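*Asks:*
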Amino acid sequence: MFTFRLETLLTLRRRQRDEIRRQSAEPLRAALAEQQRLASELARIGDSLAHAAREAEATVRPGELDIDRLLAGQRYQLTLRMERGRLDQLHRQVGLQVEGFRQRIQAAEQAVRVLEKLRERQAAEYRATEEARETRQLDEVAVLRAARTQRENES
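Structure, rendered in structure tokens:
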């Protein structure tokens, strides 16, 4: 009967993987939700910037120039760009957090897969060895029977 000598380690690695998954599930879900919220906020700011640019173009007409309105529009666009930069940075940070969670889970799963493959390979080697041993035994029995039959026929 095949016994995997590292079964205890495999069990430990599975428990560690499950614990990492459990610990990472809620923070990962929260980080993904934050990433989505930031993406939609960035899209909203992009729309606002486009709208502000269109308004600034409409403000500048031949013969008319409202300096106060033009300056207010430029300040608003600058504020939006600064906010977009801040949100971009936050979005990247949250993306790094998400990637960190995923890498941690992936590393734990890889540790389990390595041991499972080793167990499968060792089990296959054991089966092959056992089959070869059984084949040798059957061949030996067949040779002995053939020799006995030949002796009985000669007598």
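Throughout the sequence shown, residue numbering follows our numbering, covering 2 to 156 in sequence. Every residue gets a Cβ at the ideal spot worked out from N, C-alpha and C, and that includes glycine. Treat the numbers as computed from the prediction; the structure is a model and nothing was measured.
Is it buried or exposed for Ala53, if we count other Cβ within 10 angstroms and need 16 for buried?
*Replies:* Ala53 should be labelled buried.
*Asks:* Grab the span of the alpha helix (DSSP H) containing Pro28 for me, first residue to last.
*Replies:* From DSSP, the alpha helix (DSSP H) with Pro28 extends over 8 to 60.
*Asks:* Along the chain, where does the alpha helix (DSSP H) containing Phe102 start, and where does it finish?
*Replies:* Run containing Phe102: 68 to 155, per the alpha helix (DSSP H) assignment.
*Asks:* Could you check the C-alpha separation between Arg6 and Arg18 for me, to the nearest Å?
*Replies:* Taking the straight line from one Cα to the other gives about 20 Å.
*Asks:* Between the stretch 100 to 108 and the stretch 39 to 50, do at least 3 Cβ pairs fall closer than 8 Å?
*Replies:* Touching, no, given that fewer than three Cβ pairs across the two stretches are closer than 8 Å.
*Asks:* Answer with buried or exposed for Gly64, where buried requires no fewer than 16 other C-beta atoms within 10 angstroms of its C-beta.
*Replies:* Exposed.
*Asks:* With a threshold of 16 other CB atoms inside 10 Å of the CB of Ala133, please say whether the residue is buried or exposed.
*Replies:* So Ala133 ends up on the exposed side.
*Asks:* Straight-line CA distance for Glu56 to Ser25?
*Replies:* About 46 Å.
*Asks:* Would you mind working out which of Asp48, Leu39, Val99, Leu66 sits nearest His92, comparing C-alpha positions?
*Replies:* It is Leu39.
*Asks:* Less than 8 Å separating the beta-carbons of Val115 and Leu33?
*Replies:* Their beta carbons are not under 8 Å apart, which means Val115 does not touch Leu33 by this criterion.
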